[in-house]
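So this is what it looks like as structure tokens:
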């Protein structure tokens, strides 16, 4: 800062002297260069800030998933760039705009406050015995275990003994050794656009969690709770550890199968298994799920239920109503031999008992599947899948009596909660029914579209039919048969996912799939749950699908009609519901909306208004707007006020009957010129030359054929009559000023009531290239001025400018193209600058607009965009 | 064009080494160290134009290192590059005099541009200082 002040002082002296010493001239040149560099940094920060704002604005629509790290990174980046602008401003005009710092701090404070809000957490114990748990303690025990405790302690339904490792325990574990900070860092710094990058990120975080040491107190607490359980159940009792995530309570969020469960765990591995389940908070599915549903990472606490292992002879899942049809109140019982695991993970075909709600309940449908495998417990630890030999596999896995008993229990639980339930159960070797889990059932609101199911299709077009509807609707896309996990990385967006088993791990692909087809699995599996949640049509249990469907083949999956057809069957796809945004109403989207209120809205609109000042900046956008406006002014007046010939404004020697002035900010001239004029030949500013080409491309041949006489006279009037000029506080007065460097140009053009500006950076760094254009005013009545603004905006939009029209003004931006494209856009602007100025006068009606638009577009395509002609026009 | 010398400071060895390699391919003279202390020691031996500095490191923190660098070599430009998306820390860094605060992951070209811009500022400040001294003595 002192440097600039020094230079300013020098400039003060210089002003009074007529000749400069070489040294002074050098100092001045350096001062100008430094100023210009600051100005450039300010512009680049401005650009970056605006870019981030438009990204935030896009995200705010909630159509694409994003997480807290997106919000944090963008808030940080935007504040850094805004702060940088203020710093540059302070260099350009020391202490003049010092109040900006206060406005900045106050806005930053509001944003930080929103970002650092924490969910209230309660202290509570590290371990809670299941006999002390009910639904009022879900904040400590997680929903799954709270529900299990509730039905055990309030309804007296049999559930295993056990305990819960609480949410506080999880927070202490994850908070130990800076683990959370490290996880946040990994989430932030890893590229995560592609699924394979997410795979890597998930693995890295989970390893980090598992490597972390357990706090000693927590380890002791878990082991002593286990010892207590041993006293009830016998020494060496095996347990199952189940995730009971806290934060999955929202009715729309199912969290189906996202986290790990460990079955048949021995005492030796208790702690390790706990860590694995804690780590599964960062399973790929869970990361993607939270991202898609806008759930904050830090809001999810992983409580873990530890219950004695039931060595089931049969088990499965009950839906107390039909998940696919709200009108169907029958009870659906899915059942397999062995552990219920294979129903949940969709790996084995299951029996289905459908039970009516009559008194007493009756079995109304019974489908016995061919069950070839089952899961059983190893004696030491773990579970294994064994083949079912002989004809046992074709027998019912449970008796009708058991099915009816299950239905009765399901109704009791449903009655207690008042909503349909999704219940996991087991039948132990003594024939006793034991409940392992219950939660509200997600039911589709939409009733299956029978009309669609009845749509007639030639038999020859149907490749395969059958199976069961796991998620209704129809989807179209190329087949992708997924045979092994590594292929998941290749899964293309919009493809139909075809798999043998409906395993939960494929859930991560459903966000990108147009439909799902699996040879095995039931509507009760996790994958089916997720498919319904994401609105992906799915047919499960479609035998032979992986062999009959070929990779890349385009098919329509009709989940309602249970068939897969060749090609695109439009009638089926017609009323495909537009998938509602999953981010809608989510905590993450809510936070984004609130922080962006401090960032995006623009309140400082009019630079001439008295409240256009630092203290009135209420958003980051206000600050950028203010700094940008003032920096251009500061650059302009500095160059103008100081009689340093090299950098003073010079009149452009040109043939068109308008006066143009040029200020060289840095390296915009081929060589420095001493006098008051500069030749076009001496100008090397890439953007200025491009604009100039546009300006001179088409001679002002006279008016368009609308009302030639009137038009011309108005033009003459406006051009020659100074009385038409408003009083102008602007220093640009009635002139056209270019401020230039080699890659930069800022043009301010004021002509009567017409005010236009173009600012452009065009260089090798395509990513930093931008053009912004503003156009306002006019001498005609308000209606015509407004019409003209729209007119100009319309034309610009045809050339990929992003336009905003407000009242009689239009602003337009374009960015990120390479040099040649940017030059083309600038030529168009130069042309429009000249040829639209007085148009407000003839904007009588839409017809005249249309005609005129035709002419302007014609000019642009024939002269401006054609490569050969523009050079000729220069002379 | 003159060679720019850059020092990368990041405790993540793999990241640091990759960055050093990639920047060298872009004709920059690059060294890398893994701590703030090592950065200060290295600068004593081998001056650099630009330091690219991580924020979260064991031992001397990024902000402390930045403070120390600015105290010792006021013209040296420091770019913060971090996975730590924290507004407060970022603004504090800018306040101390960091040239920019960038977040990982970053495109290598973008980083190179920032390094070039920072270096331009450094050269201008050096030039201004030089002119000033000459002016004072003559």
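Residue numbers (this note's numbering), protein chains in the order written: chain Z, 422 to 1296; chain W, 49 to 186.
Where a beta carbon is used, it is the ideal one built from N, C-alpha and C, also for glycine.
All of these numbers come straight from a predicted model, not from anything done at the bench.
Residue i in three-state terms, based on DSSP
| i | result |
| --- | --- |
| residue 1214 of chain Z | helix |
| residue 653 of chain Z | helix |
| residue 975 of chain Z | strand |
| residue 1048 of chain Z | helix |
| residue 457 of chain Z | helix |
| residue 843 of chain Z | strand |
| residue 1283 of chain Z | helix |
| residue 550 of chain Z | strand |
| residue 957 of chain Z | coil |
| residue 175 of chain W | helix |
| residue 108 of chain W | coil |
| residue 769 of chain Z | coil |
| residue 1145 of chain Z | Interpretation of residue 1145 of chain Z is limited by its pLDDT of 39, a score under 50 that renders its predicted location unreliable; the figure taken from the coordinates is listed afterwards. In the structure shown, residue 1145 of chain Z sits in a helix (DSSP, three-state: H, G or I). |
| residue 151 of chain W | strand |
| residue 1227 of chain Z | strand |
| residue 645 of chain Z | helix |
| residue 792 of chain Z | coil |
| residue 890 of chain Z | strand |
| residue 687 of chain Z | coil |
| residue 787 of chain Z | strand |
| residue 632 of chain Z | helix |
Environment of residue i [buried if 16+ CB atoms lie within 10 Å]
| i | result |
| --- | --- |
| residue 1287 of chain Z | exposed |
| residue 765 of chain Z | buried |
| residue 568 of chain Z | buried |
| residue 1256 of chain Z | buried |
| residue 1068 of chain Z | buried |
| residue 671 of chain Z | Note that residue 671 of chain Z scores 48 on pLDDT, short of 50, meaning its location in the model is unreliable; the coordinates nonetheless yield the value given after this. Exposed, because fewer than 16 other Cβ atoms sit within 10 Å of the Cβ of residue 671 of chain Z. |
| residue 519 of chain Z | exposed |
| residue 685 of chain Z | buried |
| residue 798 of chain Z | buried |
| residue 486 of chain Z | buried |
| residue 805 of chain Z | exposed |
| residue 1031 of chain Z | exposed |
| residue 918 of chain Z | buried |
First through last residue of the beta strand (DSSP E) which encompasses residue i
| i | result |
| --- | --- |
| residue 1099 of chain Z | 1098-1100 |
| residue 1232 of chain Z | 1230-1236 |
| residue 519 of chain Z | Where residue 519 of chain Z is concerned, there is no enclosing beta strand (DSSP E), given that its DSSP letter is neither H nor E. |
| residue 1081 of chain Z | 1081-1085 |
Boundaries of the alpha helix (DSSP H) in which residue i is found, first to last residue
| i | result |
| --- | --- |
| residue 508 of chain Z | 489-513 |
| residue 61 of chain W | 61-73 |
| residue 897 of chain Z | Not the alpha helix (DSSP H): residue 897 of chain Z falls in the beta strand (DSSP E), residues 895-902. |
| residue 713 of chain Z | 705-714 |
| residue 87 of chain W | 84-93 |
Neighbourhood of residue i by C-beta distance below 8 Å, restricted to the same chain and skipping five residues each side
| i | result |
| --- | --- |
| residue 680 of chain Z | 664, 666, 698, 701, 702, 704, 707, 723 |
| residue 861 of chain Z | 672, 838, 840, 841, 842, 843 |
Own chain residues within Cβ distance below 7 Å of residue i, not counting five before or after
| i | result |
| --- | --- |
| residue 1046 of chain Z | 1023, 1025 |
| residue 971 of chain Z | 900 |
| residue 732 of chain Z | 798, 849, 850 |
Own chain, CB closer than 6 Å to residue i, minus 5 neighbours either side, in chain order
| i | result |
| --- | --- |
| residue 636 of chain Z | 593, 597 |
| residue 979 of chain Z | 895, 993 |
| residue 749 of chain Z | 743 |
| residue 1111 of chain Z | 1244, 1247, 1248 |
| residue 985 of chain Z | 884, 885, 976, 978 |
| residue 574 of chain Z | 555 |
Report the residues of the segment 515-540 of chain Z with a CB closer than 8 Å to any CB of chain W, ordered along the chain.
529, 532, 533, 536
Pull out every residue of the segment 130-143 of chain W whose Cβ sits closer than 7 Å to any Cβ of chain Z, in chain order.
131, 132, 133, 134, 135, 136, 138, 139, 142
Check distances from the C-beta atoms of the segment 493-507 of chain Z to those of chain W and list, in chain order, the residues that come in under 8 Å.
493, 494, 496, 497, 498, 500, 501, 504, 505
Check distances from the C-beta atoms of the segment 153-178 of chain W to those of chain Z and list, in chain order, the residues that come in under 8 Å.
153, 157, 158, 161, 165, 168, 169, 172, 173, 175, 176, 177
For the segment 94-112 of chain W, list every residue whose C-beta sits within 9 Å of some C-beta in chain Z, in sequence order.
Flagged, chain order: 104.
Scan the segment 578-601 of chain Z for residues whose Cβ lies nearer than 7 Å to a Cβ of chain W and list them as they occur along the chain.
Listed by position, the residues of the segment 578-601 of chain Z near chain W (Cβ gap below 7 Å) amount to none.
What are the residues of the segment 52-65 of chain W that lie near chain Z, defined by any Cβ-Cβ distance shorter than 7 Å?
none
Near-chain W residues of the segment 471-490 of chain Z (beta-carbon distance less than 7 Å), N- to C-terminal order
490
Which residues, taken in chain order from the segment 901-929 of chain Z, show a beta carbon closer than 8 Å to some beta carbon of chain W?
For chain W, none of the residues of the segment 901-929 of chain Z brings a beta carbon within less than 8 Å of one of its beta carbons.
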